[in-house]
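Heads up: the structure comes next, in structure tokens.
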Amino acid sequence: MKKSILLPLAVLLAVYFLWDLAVLLSQSDIFPRPYQVFLAIVELIQHGLLLKYVVASLFRVSVGFTLAVLIGVPLGLLLGWFRSAFLAFNPLIQLLRPISPIAWIPLAILWFKVDDRAPIFLIFLSSLFPITVTAIAAVQNIQPVYVRAAQNFGVSRIDLFRRVIFPACLPQIITSLRISLGIAWLVVVAAEMIAVDSGLGYLIIDARNAGKRYDLVVAGMLIIGLIGLILDLLVRSLERFEEVKWGYSQTR
Amino acid sequence: MVSAPVISVRDLGLTFPAKKGAEPIVVLRSISLEIAAGEFVCIVGPSGCGKTTLLNIITGFLKQSAGEVLVQGAPVKGPDPRRIFVFQDNGVFPWLTVEQNIEFGIARRPSAERREIVHRYVQLVGLTGFEKAYPRELSGGMRQRVEIARALAPNPEIIYMDEPFGALDFITRLKMRADLTRIWQEEKKTILFVTHDIEESVQLADRVVILSSRPGSVRKQVRIDLPRPRDLDSPEYLDLRDEILHTIGMSLGVGAGEEESAGLSLERPNRTVAQSS
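For the record, the sequence lines run as chains A and B. When we follow this note's numbering, the leftmost residue of the first sequence carries the number 70, and every step to the right adds one. When we follow this note's numbering, the leftmost residue of the second sequence carries the number 12, and every step to the right adds one.
So this is what it looks like as structure tokens:
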């Protein structure tokens, strides 16, 4: 078997046995052994809860993230290109950016009640800033020779954006999508613990509060990790398109 | 040439205003230059003499502070698809294939016509078989060929080139010069070519315009009436090359060219060498 499969597999097995051993030695009757976590996952599947919660979380992330992309990318490209717009809005962006999306939870609940819109709003915020800021920087650091080469041919301003600035910034924008989708997935779990009554975040907090079901808590955590990994692989696959490959290190 | 000049530069100057307590910086001073249709003109000069700056003014990327530039009879207002610029740091778009790059400037034409033009220029620059390749898969010389084909595709009347082969290795440069000469002969464009490489200018141009070091002004113009393809060993070639070298103020003696020679020892470079040894 290949080293790249064998080595991680060995680590996972080691973690499995160490975890099991640690629970046995500590004689904890509340912390689950690994097999109990797998049974908990089976239980969630049997009750139809796994699919329901995964879909609920993914729905919120997709809507909030898509909105952030649709607004953040054009906004960033425009602010990156038009100097006075940048000067006007950049301080506001820099002020809002360091505020953790979690800090917005009280306002989200105030505005949207316990409703899907609250976590969607939080995910939107958490993705909007990294995407916008990256797009701004990408435009500002664009190789001047590309813009000049295009102006040579007398392209209109719209064409300049569509045919040069956007494709020139795309590799960096894709990287920012990867980062912000990761953040969005972190934020949805936190938001669901407080602002709604479904989803993987809710599963974790509910399993703890309702019956100290730590097997369900750890099961939820594992599923969150797995889906986060899949999401990252999906966005990462965008980097393999020929149109953006030039923007990444050639050794990959 | 008898025909009206395509590019006419009259008493052109560029001065940057003085900063506090300092003299104003004169970059270019009273440059006058006429270039005829279909002519291949090289501008050479010591580094820092303002040759690229001059080209940027002629192309409309930069504004002069004195004099005027008429291109095709009118003052230059900015970039214009009838005149295309070829850059030293490669301006080929890495997100487009070779053929997509070449058709960048002709996107509004019908697709059949586009295909025909792309086909023609891919052949002309010798990139047949690489139409679908991306720039990152090509060598530096091939990327520069893509840029030349892209510049030719909209059928401009003038091509400006700013040290287009400066980043290439010696062998590739020689080959690119030969190919550019052949392309120029087939396409009959006016080419204004900036280089710091004197050999390059003598190999390519109908006429070499030599600029002095800062402030840049026209020191001398040398007509190169040698048949193409040029014999790089012929006495006529070597004489013209040496004439330009001497005008710039460099002697062929080893070490003599290293000093800040431009403007110091112009008329009698040989005597300078004799004195310093």
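Each residue gets a CB set at the ideal place from its N, CA and C atoms; glycine is no exception. Note that the structure is a prediction, hence the values are computed from the model and not measured.
| query | Using a C-beta to C-beta distance shorter than 8 Å, which residues of chain A count as neighbours of B:D91? | reply | The contacting residues are G223.
| Residues of the segment 95-117 of chain B with Cβ closer than 7 Å to any Cβ of chain A, in chain order | I95, F96, F98, D100, G102, F104, P105, W106, F115 and G116
| query | What in chain A is Cβ-close to B:Y145, meaning under 9 Å? | reply | E311, E312, K314 and W315
| Smallest Cα separation from B:G49: which of B:Y132, B:I169, B:Q75 and B:L81? | B:I169
| request: Would you kindly check if the distance between the Cβ of B:V97 and the Cβ of B:R172 is under 7 Å? | output: In the sequence on display, residue 172 of chain B carries Met and not Arg. Taking 7 Å as the Cβ cut-off, B:M172 and B:V97 qualify as a contacting pair.
| said: Please confirm whether A:A260 has its beta-carbon closer than 7 Å to some beta-carbon of chain B. | reply: no
| task | May I have the straight-line CA-CA distance separating A:Q209 from A:V142, to the nearest angstrom? | result | 14 Å
| request: May I ask you to report which of helix, strand or coil DSSP gives A:L144? | output: helix
| Quick one: what's B:K231 bridged to in DSSP? | B:I221
| query | Which residues does DSSP pair with B:D173 in a beta bridge? | reply | B:V205
| task | Would you check if the distance between the CB atom of A:E308 and the CB atom of A:Y317 is smaller than 7 Å? | result | yes
| Count the other CB atoms within 10 Å of the CB of B:P165; is the residue buried (16 or more) or exposed (fewer)? | buried
| query | Nearest-angstrom Cα distance between B:V20 and B:S58? | reply | If you take the alpha carbons of B:V20 and B:S58, they lie about 21 Å apart.
| request: Sort A:I252, A:A279 and A:V265 by Cα distance to A:S294 and report the nearest one. | output: Residue identity differs from the one stated: residue 294 of chain A is Gly in this sequence, not Ser. Ranking A:I252, A:A279 and A:V265 by Cα distance to A:G294 puts A:I252 first.
| request: Taking all protein chains shown into account, decide if B:R93 is buried (16 or more other Cβ within 10 angstroms of its Cβ) or exposed. | output: Exposed is the call here.
| request: Within its chain, find whatever has a CB closer than 7 Å to the CB of A:Y215; leave out the 5 residues flanking it on each side and keep chain order. | output: V233 and A237
| request: Can you check DSSP and say which residues form a bridge with A:C238? | output: DSSP lists no partner for A:C238.
| task | Use the C-beta contact count for B:V265: other C-beta atoms within 10 angstroms, 16 or more gives buried, fewer gives exposed. | result | Low per-residue confidence applies at B:V265: pLDDT is 47, beneath 50, and the placement is therefore not dependable enough to give any value.
| said: Can you check whether the C-beta of A:V62 is within less than 7 Å of a C-beta belonging to chain B? | reply: The structure shown does not extend to residue 62 of chain A, since chain A is modelled only from 70 to 321, so the question has no answer here.
| request: Count the other C-beta atoms from every protein chain shown that fall within 10 angstroms of the C-beta of A:K71, then say buried if there are 16 or more, exposed otherwise. | output: exposed
| message | How far does the beta strand (DSSP E) with B:E45 in it extend, from its first residue to its last? | response | I36 to I46
| Three or more beta-carbon pairs under 8 Å between the segment 257-277 of chain A and the segment 179-186 of chain A, yes or no? | yes
| said: Please confirm whether B:V17 has its beta-carbon closer than 7 Å to some beta-carbon of chain A. | reply: no
| At a CB-CB cut-off below 7 Å, which residues of chain B make contact with A:I220? | Ile is not the amino acid found at residue 220 of chain A; the sequence shown has Gln there. Within chain B, the residues near A:Q220 are P90.
| query | Of all the residues that make up the segment 223-245 of chain A, which are near chain B by a beta-carbon distance shorter than 9 Å? | reply | G223, V224, D228, R232, V233, P236, A237, L239 and P240
| query | Which residues mark the beginning and the end of the beta strand (DSSP E) in which A:F107 is found? | reply | Per DSSP, A:F107 lies in no beta strand (DSSP E); the unbroken alpha helix (DSSP H) holding it starts and ends at P103 to Q115.
| field | Where B:F72 meets chain A, residues with beta-carbon distance less than 8 Å | value | Per Cβ cutoff of 8 Å: R217.
| query | How would you list, in chain order, the residues of chain B whose beta-carbon sits under 8 Å from the beta-carbon of A:V214? | reply | Chain B residues near A:V214: F98, D100, N101 and G102.
| query | What did DSSP end up calling A:S169 once you bin it into helix, strand or coil? | reply | coil
| query | Going along chain A in order, which residues have a C-beta closer than 7 Å to the C-beta of B:P165? | reply | F222
| task | Just the C-alpha distance for B:V205 and B:V38, rounded to the nearest angstrom, thanks. | result | In this structure, the CA atom of B:V205 is about 16 Å from the CA atom of B:V38.
| message | I'd like to know if the segment 175-190 of chain B and the segment 122-134 of chain B are in contact, where contact means that at least 3 CB-CB pairs between them fall below 8 Å. | response | Taking a contact to require three or more Cβ pairs closer than 8 Å, the segment 175-190 of chain B and the segment 122-134 of chain B do not qualify as touching.
| Short check: CB of B:F51 to CB of B:D217, under 7 Å? | Yes, Cβ-Cβ distance for B:F51 and B:D217 is below 7 Å.
| query | Given 8 Å as the limit, is there contact between the segment 185-196 of chain A and the segment 126-133 of chain A, that is, 3 or more CB pairs closer than that? | reply | By the C-beta criterion, the segment 185-196 of chain A is judged to be in contact with the segment 126-133 of chain A, since at least 3 inter-stretch pairs fall below 8 Å.
| Tell me, which residues are paired with B:E79 by DSSP? | The partner list for B:E79 (beta bridge, DSSP) reads B:R21.
| Is the number of C-beta pairs between the segment 135-151 of chain B and the segment 65-74 of chain B that are closer than 8 Å three or more? | no
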